[in-house]
Amino acid sequence: MTESLLRVRDLVVEYPVKGLRRAPFRALHGVGLDVDAGETVGLVGESGSGKTTFGRAVLGLAPVTSGSVRFRGREIGRLSRSARRALATQIQVVFQDPYTSLNPSLVIERILVEPLLAQRVPPDEARRRVRDLLDQVHLPADAGRRLPREFSGGQRQRVAIARALALDPALIVCDEPVSALDLSTQARVLGLFREIQERTGVAYLFVSHDLAVVRHLSHRVAVMRAGEIVESGETRRVADDPQHPYTQKLFLAAPLPDPQAQRERREARRRLRSTEGARP
Amino acid sequence: MSEPALVAPAAVPPAALSGGLRRLLRDPLGVVALGWLALVIVAAALARWISPHDPDEPSAGDILAGPSASHLLGADGSGRDILSRLLHASQISLAGAALTLLVAAVLGIGAGLVAGYYGGWTETAGTWAASLIMALPGIVALLALRAVVGPSPWTTMAIFGVLLSPAFYRVVYAAVSGVRHELYIDAARVAGLSDARIIGRHVLTVVRAPAIIVAAAVGSGAIALQSGITFLGLGDPSVATWGGMLNDAFANIYVAPLAVAWPSLAIGTTCVALTLLSNALRDALERTGRPRRRTARAEDAADAAAKEPVLTHDEPPGGAALLDVRDLVVAYPRPDGPARRVVDEVSLSVRAGEVHGLIGESGSGKTQTAFSILRLLPAGARTSGAIVFDGTELSGLPAARLTRLRGGAIGYVPQEPMSNLDPSFTVGSQLVEPIRAHLGHGRAKARTRALELLERVGIADPARTFDAYPHEISGGMAQRVLIAGAVACEPRLLIADEPTTALDVTVQAEVLDLLRDLRDDLGMGVLLVTHDFGVVADLCDRVSVMRHGRVVETGPVDAIFAEPRHAYTRALFDAVVATGERA
Numbered sequence: 005m006t007e008s009l010l011r012v013r014d015l016v017v018e019y020p021v022k023g024l025r026r027a028p029f030r031a032l033h034g035v036g037l038d039v040d041a042g043e044t045v046g047l048v049g050e051s052g053s054g055k056t057t058f059g060r061a062v063l064g065l066a067p068v069t070s071g072s073v074r075f076r077g078r079e080i081g082r083l084s085r086s087a088r089r090a091l092a093t094q095i096q097v098v099f100q101d102p103y104t105s106l107n108p109s110l111v112i113e114r115i116l117v118e119p120l121l122a123q124r125v126p127p128d129e130a131r132r133r134v135r136d137l138l139d140q141v142h143l144p145a146d147a148g149r150r151l152p153r154e155f156s157g158g159q160r161q162r163v164a165i166a167r168a169l170a171l172d173p174a175l176i177v178c179d180e181p182v183s184a185l186d187l188s189t190q191a192r193v194l195g196l197f198r199e200i201q202e203r204t205g206v207a208y209l210f211v212s213h214d215l216a217v218v219r220h221l222s223h224r225v226a227v228m229r230a231g232e233i234v235e236s237g238e239t240r241r242v243a244d245d246p247q248h249p250y251t252q253k254l255f256l257a258a259p260l261p262d263p264q265a266q267r268e269r270r271e272a273r274r275r276l277r278s279t280e281g282a283r284p
Numbered sequence: 254m255s256e257p258a259l260v261a262p263a264a265v266p267p268a269a270l271s272g273g274l275r276r277l278l279r280d281p282l283g284v285v286a287l288g289w290l291a292l293v294i295v296a297a298a299l300a301r302w303i304s305p306h307d308p309d310e311p312s313a314g315d316i317l318a319g320p321s322a323s324h325l326l327g328a329d330g331s332g333r334d335i336l337s338r339l340l341h342a343s344q345i346s347l348a349g350a351a352l353t354l355l356v357a358a359v360l361g362i363g364a365g366l367v368a369g370y371y372g373g374w375t376e377t378a379g380t381w382a383a384s385l386i387m388a389l390p391g392i393v394a395l396l397a398l399r400a401v402v403g404p405s406p407w408t409t410m411a412i413f414g415v416l417l418s419p420a421f422y423r424v425v426y427a428a429v430s431g432v433r434h435e436l437y438i439d440a441a442r443v444a445g446l447s448d449a450r451i452i453g454r455h456v457l458t459v460v461r462a463p464a465i466i467v468a469a470a471v472g473s474g475a476i477a478l479q480s481g482i483t484f485l486g487l488g489d490p491s492v493a494t495w496g497g498m499l500n501d502a503f504a505n506i507y508v509a510p511l512a513v514a515w516p517s518l519a520i521g522t523t524c525v526a527l528t529l530l531s532n533a534l535r536d537a538l539e540r541t542g543r544p545r546r547r548t549a550r551a552e553d554a555a556d557a558a559a560k561e562p563v564l565t566h567d568e569p570p571g572g573a574a575l576l577d578v579r580d581l582v583v584a585y586p587r588p589d590g591p592a593r594r595v596v597d598e599v600s601l602s603v604r605a606g607e608v609h610g611l612i613g614e615s616g617s618g619k620t621q622t623a624f625s626i627l628r629l630l631p632a633g634a635r636t637s638g639a640i641v642f643d644g645t646e647l648s649g650l651p652a653a654r655l656t657r658l659r660g661g662a663i664g665y666v667p668q669e670p671m672s673n674l675d676p677s678f679t680v681g682s683q684l685v686e687p688i689r690a691h692l693g694h695g696r697a698k699a700r701t702r703a704l705e706l707l708e709r710v711g712i713a714d715p716a717r718t719f720d721a722y723p724h725e726i727s728g729g730m731a732q733r734v735l736i737a738g739a740v741a742c743e744p745r746l747l748i749a750d751e752p753t754t755a756l757d758v759t760v761q762a763e764v765l766d767l768l769r770d771l772r773d774d775l776g777m778g779v780l781l782v783t784h785d786f787g788v789v790a791d792l793c794d795r796v797s798v799m800r801h802g803r804v805v806e807t808g809p810v811d812a813i814f815a816e817p818r819h820a821y822t823r824a825l826f827d828a829v830v831a832t833g834e835r836a
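Going line by line, the protein sequences match chains A and B.
Just so we're aligned, residue 5 is where the first sequence starts under the numbering used here, counting upward by one.
Just so we're aligned, residue 254 is where the second sequence starts under the numbering used here, counting upward by one.
Right under this line is the structure:
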């Protein structure tokens, strides 16, 4: 069997803490995860669980203390800055906040040609590709001449997706890409993610705190808590029959948009809490 | 000499730069300063051709002569023409100031960019060096170094540049480290851009405006200092300088007092022009409109939207309304055109013991509705309509009586728990204060009450939380503390603005449980603002769906979830269903 597109094993990330002889803060305690070509893996967790750090480590934006991050069989955990740049054509990102992930002073076209020019695509060709990209994310062709502030959150996130797609990557790390958006916008942007995957076969590492969003998009799910993966597996299996108590708690805590079903879920959560005993 | 007082300006979007230039040209002080500086520069450049005399040619007959046709500004103690010397001296003064500026800018901006962008040891080294240079007494260091390297005016000015470089370093470092963690910088790195390109494209633009402002101030300081040094006779006596001329005129002040005026004016006006220019630049470049988040367009639509009737679901008759809002309008005047209505004829009621959900997307006016009940709208908002709480009309109530109601009979739970606790006071003191103010309890009794409340909201160790500072507790804990504060005086109505949006789902579930228990215990009515249908389904008895400032549908939760009638409500439900399972 061939190796996964992305194969992470025993990943440890530590951040130095200011002050002499202070122990570094360990954000990830030996995490392992695979992403296959063309598949979506959801990484769910609450704030501080380390899910964003995991995504940043894959992107080379967080320091890998130990463990391995292999991409297409090649170790990429501790690359030099220049070796890392070469990976831009393979691994891309869509960040959470569409307001700060686009430089406010550059027009959309300049934002989008940037990664292309960095890969020495001729400027004319790059501009042609940008028009094509805008079309792919369903933005009007004249969007390129406008500044990010002229767009709504959902449209900005489409620009960010177009930037990620510019180099035709094999993997896109999506860090909470819809959590800053309104509900109806969320649904449309998620639809776009799926549509792009069906067309290009790109794989997503989809980091989110929102179980509904992850469940909607992911083939497989991993649940993180306090820097460790507590449970992972096929989305349906994890969602319908969670094994780990934390996963159960997490799924039962998310309120359902249906008063009757939510009453039942609330009762189930109460039962789980009482079986847990007095533990907070 | 002391350093020019500089305040690190906020990052200016560079698109504002050309706009800033236009604004500068509309500022009369800026235009005058700019014009004067241009004149001085042109005069200095053309000195050789426009000077009426050789600046170094003494004339025994004209010693200390007053202004005349041949010597427009008179002659100095050696009979040299003052105007010609002034013009030639301006070359030295300007070139010296330019050298200082160049050295200070290259060193300061370069170090600031590196330290701000890379951080780590470069940051430590840069900040340490800048602090060291700033701590040096400038004039003393300059005189000492001059003794070592000789009297060349150029070395003096270059050293002065080094001494002033922290001015650039500090603003550049502050601006760059401000954007270093921006996501678009990370995105550029992931996109494979080299560091040089990222700095050139994304970072330098942020630095441009503050650096220009600093440059004008540093230039003014450089001219003043250079004149001071040559006035003290520390310059090269064979070259005409403003300071040297002032020195010469000063020696003869009793014989030819007017001669002092010319170099003083040259130094003074040039420095003042640079300082005014710096101020005008700061005003022009920093007074830039913040990028407007969209909402505007959605709310504009409220004006145009056809006033369709509110779809109301039947409901069993309940008790009397605790809060009754009728035809509430909140509008903000616009400089151009009619006032913008963010809340448009909203009516809703909350009964005792029930939770009324107000749901909508961003910009729908739901928070504005909640705020207008509490009268917490920003200045400039105009409201109309009736807000009746427990038989009292709130909108006409004097401020003092409303203040007694807020925190007393009406409690409020905000969205962001952390930013609603003052970081410099303990949790306990922030709870005790309102209890004392509203219930008139003594210190000890208020403390007991606060501890009871903390226990009531499910905090495991109330005494410890009581003594903790806000940064020592988690977000969920902080929200419990705020809820404890809101229910401290057993309010009859609780207004909760997205009380769980900032919280994790497991914490959210607990906070929703808490709100439900409190409602049951205290029998209070709750107005719950949210964007989450799950929260509505979990907690609310009735719900109003808002869009573009209007309520489009209202009724009991079960009825609306079972059979949403308005197209917008259905679209929202579809969006929720669409985030169901992957096929």
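Backbone N, C-alpha and C fix where the C-beta goes; we use that ideal spot for every residue, glycine too.
The beta-carbon distance between A:Ser109 and B:Thr458, rounded to whole angstroms, is 6 Å. This is short enough to meet the 8 Å contact definition. A contact is defined here as three or more CB-CB pairs under 8 Å, and the segment 785-801 of chain B meets this definition with respect to the segment 611-621 of chain B. When only Cα atoms are considered, B:Gly391 and B:Leu385 end up about 11 Å apart. Under the three-pair Cβ rule at 8 Å, the segment 803-816 of chain B does not count as touching the segment 771-780 of chain B. Contacts between A:Val73 and chain B, judged by CB atoms closer than 9 Å, are missing: the closest CB pair is about 14 Å apart. For B:Leu707, the three-state secondary structure derived from DSSP is helix. Beta bridge pairing from DSSP links B:Asp589 with no other residue. Within the model, the alpha-carbon separation for B:Glu435 versus A:Gly64 is close to 16 Å.
By the 16-neighbour rule on beta-carbons within 10 angstroms, B:Gln479 is buried.
DSSP places B:Met777 in no alpha helix (DSSP H); its state is neither H nor E.
In chain order, Val710, Gly711, Arg733, Ile736 place their CB closer than 8 Å to the CB of B:Leu767, counting only its own chain and leaving out the 5 sequence neighbours on each side.
Within the model, the alpha-carbon separation for B:Leu704 versus A:Ala41 is close to 56 Å.
When secondary structure is reduced to three states using DSSP, A:Glu199 falls in the helix class.
A:Phe99 belongs to the set of residues whose beta carbon lies under 8 Å from a beta carbon in chain B. Taken in chain order, the whole beta strand (DSSP E) runs of length 3 or more contained in the segment 619-686 of chain B are 635-642, 663-666. Within chain A, the C-beta atoms nearer than 7 Å to that of B:Tyr437 come from Thr104, Ser105, Leu106, Asn107, in chain order.
In the structure shown, the three-state DSSP call for A:Asp139 is helix. Think of a sphere of 7 Å around the beta carbon of B:Val685: no beta carbon from chain A falls inside it, the nearest being about 26 Å out. Distance check between A:Glu232 and each of A:Leu24, A:Arg25, A:Ala31, A:Val45 places A:Ala31 closest, using alpha-carbon atoms only. In the three-state reduction of the DSSP assignment, B:Pro281 falls in the helix class. Counting only runs that start and end inside the segment 443-493 of chain B, the alpha helix (DSSP H) elements of at least 4 residues fall at 448-451, 457-484. In chain order, Val513 place their CB closer than 7 Å to the CB of B:Phe503, counting only its own chain and leaving out the 5 sequence neighbours on each side.
Judged by beta-carbon spacing, A:Val73 lies within the 8 Å limit of A:Ala61, meaning their Cβ atoms are closer than that value.
Closer than 8 Å to the CB of A:Ser188 there is at least one CB belonging to chain B. Taking 7 Å as the Cβ-Cβ cut-off, the segment 29-45 of chain A has no residue approaching chain B.
Comparing alpha-carbon positions, the option among B:Pro670, B:Leu765, B:Ala762 lying closest to B:His724 turns out to be B:Pro670.
B:Arg800 does not reach chain A, its nearest Cβ partner there being about 10 Å away, counting only Cβ pairs nearer than 8 Å.
B:Ala444 and B:Val829 have their alpha carbons spaced roughly 33 Å apart. Counting along the chain, the unbroken alpha helix (DSSP H) around A:Pro249 starts and ends at 249-257. For the segment 253-269 of chain A, the residues whose beta carbon sits under 7 Å from a beta carbon of chain B are, in order, Lys253, Leu254, Ala257, Ala258, Pro259, Leu260, Pro261, Asp262, Pro263, Gln266.
Listed along chain A, no residue sits closer than 9 Å to B:His609 by beta-carbon distance, the nearest being about 14 Å off. For the C-beta of B:Gln761, the chain A residues within less than 9 Å are, from N- to C-terminus, Ala257, Ala258, Pro259. In this structure A:Thr44 is buried. Its beta-carbon is surrounded by 16 or more other beta-carbon atoms within 10 angstroms.
Judged by DSSP in its simplified three-state form, A:Tyr19 adopts strand. By the Cβ criterion, the segment 412-432 of chain B is in contact with the segment 362-379 of chain B, since at least three pairs of Cβ atoms, one from each stretch, lie closer than 8 Å. The C-beta of A:Glu118 has 16 or more other C-beta atoms within 10 Å across all chains shown, which makes the residue buried.
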